[in-house]
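Data first, discussion second: the structure below is written as C-alpha cells.
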Amino acid sequence: MSKRIDALNRKLLAAATSASKAKEVRDLLKEGADIHTQNDWGLTPIMLAAQYNPSVVVLKVLLEAGADIHESEPKYRSNALHLAANRSTNVKVIEALLEAGADLNARNYLGETALIIAVNTNPETRIVTALLKAGADFNARDYQGHSVLEYAREAKRTYIVNQLRKLGAE
Numbered sequence: 003m004s005k006r007i008d009a010l011n012r013k014l015l016a017a018a019t020s021a022s023k024a025k026e027v028r029d030l031l032k033e034g035a036d037i038h039t040q041n042d043w044g045l046t047p048i049m050l051a052a053q054y055n056p057s058v059v060v061l062k063v064l065l066e067a068g069a070d071i072h073e074s075e076p077k078y079r080s081n082a083l084h085l086a087a088n089r090s091t092n093v094k095v096i097e098a099l100l101e102a103g104a105d106l107n108a109r110n111y112l113g114e115t116a117l118i119i120a121v122n123t124n125p126e127t128r129i130v131t132a133l134l135k136a137g138a139d140f141n142a143r144d145y146q147g148h149s150v151l152e153y154a155r156e157a158k159r160t161y162i163v164n165q166l167r168k169l170g171a172e
C-alpha cells in the first residue's frame with residue numbers, strides 16, 4: 003500500500019471511529035486499514051473510540067478486529083480505559099474495555115488510574131460507580147501522593163466522597 007493511501011486510510015479510520023460509524027470502520031478494516039495506526043497525537047482507533055464515542059458499537063468492532071487495549075499514547079501514556087474514564091458518558095464503553103481485559107488499575111505517566119481520572123475530570127458519576135463496581139483500587143494514589151478521596155473532595159463531588167467513605171477509602 004502506498005504511503006499516500008495509508009495516510010488517507012489512517013485519516014478515514016480516525017474520522018469514522020470518532021463519528022461512531024461502525025459500518026465505515028468495518029469496511030476500512032476489510033480494505034486493509036491498519037487498526038494500530040496512530041493519529042498525529044498518538045491515538046489509535048481504539049483510543050478514539052473509547053474517548054469520543056457515545057456508542058459501544060464501534061469499540062466492539064475494533065476489539066473484534068484485534069485492537070490493542072493495553073497500548074498507550076506516547077505523551078501521557080494513557081490507554082483506552084484512561085481516555086474513556088476521562089471523557090466517556092457511556093458505562094457500556096467502560097464495561098466493554100474491562101470485558102476485553104483492560105487493566106483496571108493501570109497508571110498513566112502521572113500515576114493516575116482510570117478511577118482517579120474519572121473522579122477528577124469526568125462529570126458522569128455513573129462512570130466512577132462502574133469503575134468502583136468493577137473493583138478499582140479506591141485507595142490508589144497518584145505519583146504525587148494524592149488519593150481518590152482527596153480528588154473527590156477537591157472536586158466537591160459529595161456523592162462520590164460518600165461512596166468512597168462507605169467503601170473505607172482513606
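Take the sequence shown: its letters are residues 3 to 172, numbered as in this note's numbering. Backbone N, C-alpha and C fix where the C-beta goes; we use that ideal spot for every residue, glycine too. Values in this document were obtained by computation on a predicted structure and should not be read as measured data.
Beta-bridge analysis with DSSP links Arg143 to Ser149. Under the 10 Å beta carbon count, Asn55 is surrounded by 16 or more other beta carbons and is classified as buried.
Taking the Cα positions, Ala136 is about 33 Å away from Asp29. For Leu30, the secondary structure class from DSSP, reduced to helix, strand or coil, is helix. Boundaries of the alpha helix (DSSP H) harbouring His84: 82–89, taken from the DSSP string. For Glu75, the secondary structure class from DSSP, reduced to helix, strand or coil, is coil. When C-alpha distances from Ala154 are compared across Ile71, His72, Leu117, Gly44, the shortest belongs to Leu117.
Here Leu50 has Ala16, Thr19, Ser20 as same chain residues with Cβ atoms under 7 Å from its own Cβ, once five neighbours each way along the sequence are excluded. A straight line joining the alpha-carbon of Asn81 with that of Asn92 spans about 17 Å. Between Ala171 and Ala120, the CB-CB gap reaches or exceeds 7 Å. The C-beta distance from Ile96 to Leu133 rounds to 7 Å, short enough to meet the 8 Å contact threshold.
Of the candidates Arg159, Asn141, Glu152, Ala157, Asn141 places its Cα closest to the Cα of Leu169. If you draw a straight line from the Cα of Arg167 to the Cα of Thr160, it is about 10 Å long.
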